[in-house]
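Novice:
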Amino acid sequence: MAAEFPSPDSEEVLTIAHLQGIQERRQEQRMLAFCQVFNMAGELVGVSFDLTRQGICVSVPNDWPQGSDFEVKLRRMDNEALPTITVKVNPMWRQSRNESFDEIGGKIIAVDSPEAFATFLQYCQQAGPSGLVERPNS
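Take a look at the structure:
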């Protein structure tokens, strides 16, 4: 008797492929990157939690528009020399954190400057998560 395998278009196969894709993305080193998150009008709207070349997790007000790609600006408070980075995000998941804020995880689909973004990521990796606090002048 032959073993039964799910058909290639079955929900089970799609779920397995989805989980494998998530696992592959998680193998890339995620780093804590606490940054201020601004809307495109320059208003502070939230914070980021972690960041990779391909993805980001942000906390934004729960009235943030749902279901469509969005752009935000990221800034670290602990290094004035770092440029503010603009990223376009394709939201993959959303979770309510409390009555005021939602957490959104998404795929970064565009950045304003790939070179500046690479420098920004390198700084986040070396400096750690303290990007919400201004560094005192020495």
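Using my numbering, read the sequence shown as starting at 1 and increasing by one per residue.
C-beta: ideal position from N, C-alpha, C; glycine also.
Which of the three DSSP states, helix, strand or coil, is assigned to T119?
Specialist: Note: T119 maps to helix in three-state DSSP.
Novice: For a quick check, are the C-beta atoms of M77 and L51 less than 8 Å apart?
Specialist: Against a cut-off of 8 Å, the Cβ pair of L51 and M77 comes out as no contact.
Novice: Grouping DSSP H, G and I as helix and E and B as strand, with all else coil, what is Q54?
Specialist: Here Q54 sits in coil by DSSP.
Novice: For S68, which of N79, E115, W93, R97 has the nearest alpha-carbon?
Specialist: Answer by Cα proximity: W93.
Novice: If we call anything under 8 Å between Cβ atoms a contact, is I59 one with G46?
Specialist: Note on identity: in this sequence residue 59 is Ser, with Ile being the wrong assignment. Yes, the pair counts as a contact, with Cβ atoms nearer than the cut-off.
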